[in-house]
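*Asks:* First to last, the protein sequences are chains A and B. The numbering of the first sequence is my numbering, which starts it at 32 and goes up by one. The numbering of the second sequence is my numbering, which starts it at 32 and goes up by one.
There are 2 protein chains.
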Amino acid sequence: MRSLPKNVRIVEVGPRDGLQNESAIIPTPKKAEFIQLLGTAGLQDIEVASFVHPNRVPQLADADELVRQLELVPNVRYSALVPNMKGLERAIQSGIRRIAVFTAASETFNKKNINMGIQESIDVFKPVVDRALKEGLSVRGYVSTCFVCPYEGPVTKEKVADVAGALFQLGVDEVSIGDTIGAATPRDVETTSGYLLQQFAGHKLAMHFHDTYGMAIANVYQALQMGFMIFDSSAGGLGGCPYAPGASGNLATEDLVYLLDRLGIKSGVSLDLVRRASYFIARELGRDLPSRVLKTA
Amino acid sequence: MRSLPKNVRIVEVGPRDGLQNESAIIPTPKKAEFIQLLGTAGLQDIEVASFVHPNRVPQLADADELVRQLELVPNVRYSALVPNMKGLERAIQSGIRRIAVFTAASETFNKKNINMGIQESIDVFKPVVDRALKEGLSVRGYVSTCFVCPYEGPVTKEKVADVAGALFQLGVDEVSIGDTIGAATPRDVETTSGYLLQQFAGHKLAMHFHDTYGMAIANVYQALQMGFMIFDSSAGGLGGCPYAPGASGNLATEDLVYLLDRLGIKSGVSLDLVRRASYFIARELGRDLPSRVLKTA
């Protein structure tokens, strides 16, 4: 048997990546309560908001106010997505100490998603990351469509490594490798993520899987066997897939924690308390969340 | 990379294991239509009915009539569960050519499930299998709770091997290794199924995973890497988990076929046509089925 890591860090993206893809708009105090429940559940890294233009993502338009309302749980790192210098200014104003910048490994996807080519987005983010680091903020990078692009099909591992490398060059301390449409299989993880491990330190790479086709846990297990130790997930599996209405989006935090618990890998997260957070937000959304584990007694 | 099998045989258990755990009772002609859709989708091994006492599983009380109504698709093997000699008589009368007998790797589970100890159930099945083989029928065996028992907790690999061995001794040609409550992780599959591979021929062992906690696809991928080539699944993920109301039960055939297709492993099954069968039965049940792939566009 291949050895598995003893500890894993989970980056909870439900309040941002999750709620961004839900149709309902949650009132700011309810979001703050949800985030507090996640923090007390032991999630030490929570992406809470996005400083994109409020018109672009109405679900997250209250980012400034939300960050100010957060009751901070000790030892929890809160972060927010930032698309440009204007977003960074808002982030700094809000008091958040960690931001995330984002691009894709597919030109077509990036153009459709953020209306910029990949190199253009790197150019836009360069002064943003510079400024953020000067202000003492830390910066995470996201790469979308690292395995399959909904427009271009399979994405090469070399392209993913190029884009991840460009983000590290900017000064991000961690790059999240996203399977945006959830089409990756463990074999793709072996190929692409394995290639990334040859270029970059594994402890600076997060795996961000979506469960659209039910592959996410298999991909996590594959990545664990390869030594990866950072995984993005979303409480309850919050957030649909914008490319497949009604389908699942993010890997559910509960399903991830269940796997880790059963494998004896420490995450510091209480499954029971994450479930409580998920039930809370499910009530607010008025819908069942797709997590398998959440549905068990 | 470890090599994967080129071909996999799927045993579709939706009409039996699936419908048995749905609360709605489907009219016999609709079941027959569902089974025909599955056969035309390329599923070559379909468990269609159960000859347990009609009062025990009202959902499947029409087994005799259903088997008679089936419009047989060429090259499809139809089978039915048989609990005792009386059930075998009904099975023979119905004209079905393959039966399945079943026990568990946990004493407590077996007693609660079929009111017999494991050895007692083997003793009961001995004359049943003898008679079935004499009549020219073929026989499959099921072992439930091969990884975790809802009453006893973890089950040892030696116990599973003992019970599987006892079934092979009876004359069954294949044993299905069931993760009844869906609690197994790939590591458990590596341990227990790996041990079974040391004792029995891999092509006589089917892996029967449940997706209660979202682990099924990860377990399938682990088993594929170990060389297993027979998997049980249920169209749409039909069938809940009797130990966790509202939760998922069987691995969904669509999710399995999606994985196999993406890995380039042939199953002979058309994903589109299985989805049609699942939509059909979902309409009859009046509920959404849990398959992830079924929810995608």
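Heads up, the beta-carbon is just placed ideally off N, CA and C, and yes, glycines get one too. Just so you know, these numbers come straight off a predicted model, no measurement behind them.
Which chain A residues sit within Cβ distance under 9 Å of E221 of chain B?
*Replies:* M32, listed in chain order.
*Asks:* By alpha-carbon positions, which one of A:G126, A:D161 and A:D154 ends up nearest to L101 of chain A?
*Replies:* The candidate whose alpha carbon is nearest that of L101 of chain A is A:G126.
*Asks:* Given a cut-off of 8 Å, decide if D204 of chain B and K157 of chain B are closer than it, judged by their beta-carbon atoms.
*Replies:* Taking 8 Å as the Cβ cut-off, K157 of chain B and D204 of chain B do not qualify as a contacting pair.
*Asks:* Cβ of M246 of chain A less than 8 Å from any chain B Cβ?
*Replies:* Closer than 8 Å: yes.
*Asks:* Using a Cβ cut-off of 9 Å, pull out every chain A residue sitting near D286 of chain B, in sequence order please.
*Replies:* Simply Y244, G245 and M246.
*Asks:* Within a Cβ cutoff of 7 Å, which residues of the same chain sit near I56 of chain A, ignoring the five residues on either side of it in sequence?
*Replies:* P89 and Q90.
*Asks:* Short of 7 Å in beta carbon distance, which residues of its chain neighbour S309 of chain A, apart from the five on each side in sequence? Order them along the chain.
*Replies:* Contacts found: A266, G267, E285, L320, S322 and L325.
*Asks:* Going by alpha carbons, who is nearest to L295 of chain B out of A:G73, A:T216 and A:S301?
*Replies:* According to the sequence as given, residue 295 of chain B is Gly; it is not Leu. Among A:G73, A:T216 and A:S301, the Cα nearest to that of G295 of chain B belongs to A:T216.
*Asks:* Reducing DSSP to helix, strand and coil, say where E43 of chain A ends up.
*Replies:* Looking at E43 of chain A - three-state DSSP - the assignment turns out to be strand.
*Asks:* Measure the Cβ-Cβ separation of G45 of chain B and L68 of chain B and say whether it is below 8 Å.
*Replies:* Against a cut-off of 8 Å, the Cβ pair of L68 of chain B and G45 of chain B comes out as no contact.
*Asks:* Would you be able to state if there are at least three C-beta pairs under 8 Å between the stretch 234 to 248 of chain B and the stretch 195 to 215 of chain B?
*Replies:* Flag = yes, the stretch 195 to 215 of chain B and the stretch 234 to 248 of chain B touch.
*Asks:* Please go through the same chain and pick out, in chain order, the residues whose beta-carbon is closer than 8 Å to the beta-carbon of A71 of chain A, but skip the five residues on each side of it.
*Replies:* The sequence given here has Thr at residue 71 of chain A, not Ala. Hits under 8 Å: V104 and L304.
*Asks:* Kindly indicate which residue of B:G280, B:A92, B:S224 and B:I41 has the alpha-carbon position closest to the one of Y14 of chain B.
*Replies:* With chain B represented from 32 up to 328, any question about residue 14 of chain B goes unanswered, as that position is not in the structure.
*Asks:* Can you give me the C-alpha to C-alpha distance between E120 of chain A and V79 of chain A, rounded to a whole angstrom?
*Replies:* Going from the Cα of E120 of chain A to the Cα of V79 of chain A covers about 17 Å.
*Asks:* Within 10 Å of its beta-carbon, does M32 of chain B have 16 or more other beta-carbons around it, so buried, or fewer, so exposed?
*Replies:* By the 10 Å Cβ count, M32 of chain B comes out exposed.
*Asks:* Taking the Cβ atom as the reference point for each residue, do L287 of chain A and S264 of chain A lie within a distance shorter than 8 Å?
*Replies:* Contact flag set, yes.
*Asks:* Thinking C-alpha only, which one of A:V191, A:G225 and A:A131 is nearest F82 of chain A?
*Replies:* Closest option to F82 of chain A, Cα to Cα, is A:A131.
*Asks:* Can you list, in chain order, the residues of its chain with a C-beta nearer than 7 Å to that of M147 of chain B? Leave out the 5 residues immediately preceding and following it.
*Replies:* Excluding sequence neighbours, M147 of chain B sits near N141 and V155.
*Asks:* Taking 8 Å as the threshold (beta carbon to beta carbon), is A278 of chain B in contact with chain A?
*Replies:* Yes, its Cβ sits closer than 8 Å to a Cβ of chain A.
*Asks:* Give the straight-line distance between the Cα atoms of G184 of chain A and F178 of chain A, rounded to the nearest whole angstrom.
*Replies:* G184 of chain A and F178 of chain A: Cα-Cα distance of roughly 8 Å.
*Asks:* Is DSSP giving R171 of chain A helix, strand or coil here?
*Replies:* Residue state, collapsed to three classes: strand.
*Asks:* Can you pull the chain B residues whose beta carbon is under 9 Å from the beta carbon of V159 of chain A, in chain order?
*Replies:* Here the premise fails: no neighbours, minimum Cβ distance about 35 Å.
*Asks:* State the Cα-Cα distance for the pair E138 of chain B and L316 of chain B, rounded to the nearest angstrom.
*Replies:* One C-alpha to the other measures close to 34 Å.
*Asks:* Considering only C-alpha positions, which residue in the set A:V194, A:S152, A:Q200 and A:L269 is nearest to Q51 of chain A?
*Replies:* Among A:V194, A:S152, A:Q200 and A:L269, the Cα nearest to that of Q51 of chain A belongs to A:L269.
*Asks:* Report the CB separation of I208 of chain B from H239 of chain B in whole angstroms; it is logged as a contact under 8 Å.
*Replies:* So it is a contact: roughly 6 Å between Cβ atoms.
*Asks:* When we look at the beta-carbon of N86 of chain B and count the other beta-carbons within 10 Å, is it buried (16 or more) or exposed?
*Replies:* So N86 of chain B ends up on the exposed side.
*Asks:* Please go through the same chain and pick out, in chain order, the residues whose beta-carbon is closer than 6 Å to the beta-carbon of A278 of chain A, but skip the five residues on each side of it.
*Replies:* Same-chain partners within the cutoff: T243 and C272.
*Asks:* Using the three-state DSSP reduction, which class does G209 of chain A fall into: helix, strand or coil?
*Replies:* Of the three classes helix, strand and coil, the one that applies to G209 of chain A here is strand, per DSSP.
*Asks:* Given the structure, does S264 of chain B come close to the ligand FAD, in the sense that its CB is under 7 Å from one of the ligand's heavy atoms?
*Replies:* Although the ligand FAD was asked about, the structure shown includes no ligands whatsoever.
*Asks:* Within its chain, find whatever has a CB closer than 8 Å to the CB of A63 of chain B; leave out the 5 residues flanking it on each side and keep chain order.
*Replies:* Excluding positions up to five away in sequence, the list reads L97, Q100, L101 and E102.
*Asks:* Determine the chain A residues that contact V300 of chain B at a beta-carbon separation under 7 Å, and present them in chain order.
*Replies:* Here the premise fails: no neighbours, minimum Cβ distance about 15 Å.
*Asks:* Please list, in chain order, the chain B residues whose beta carbon lies closer than 7 Å to that of P217 of chain A.
*Replies:* What P217 of chain A touches in chain B: Y252.
*Asks:* Please report the straight-line C-alpha distance between E151 of chain A and V206 of chain A, rounded to a whole angstrom.
*Replies:* Whole-angstrom Cα-Cα distance: 18 Å.
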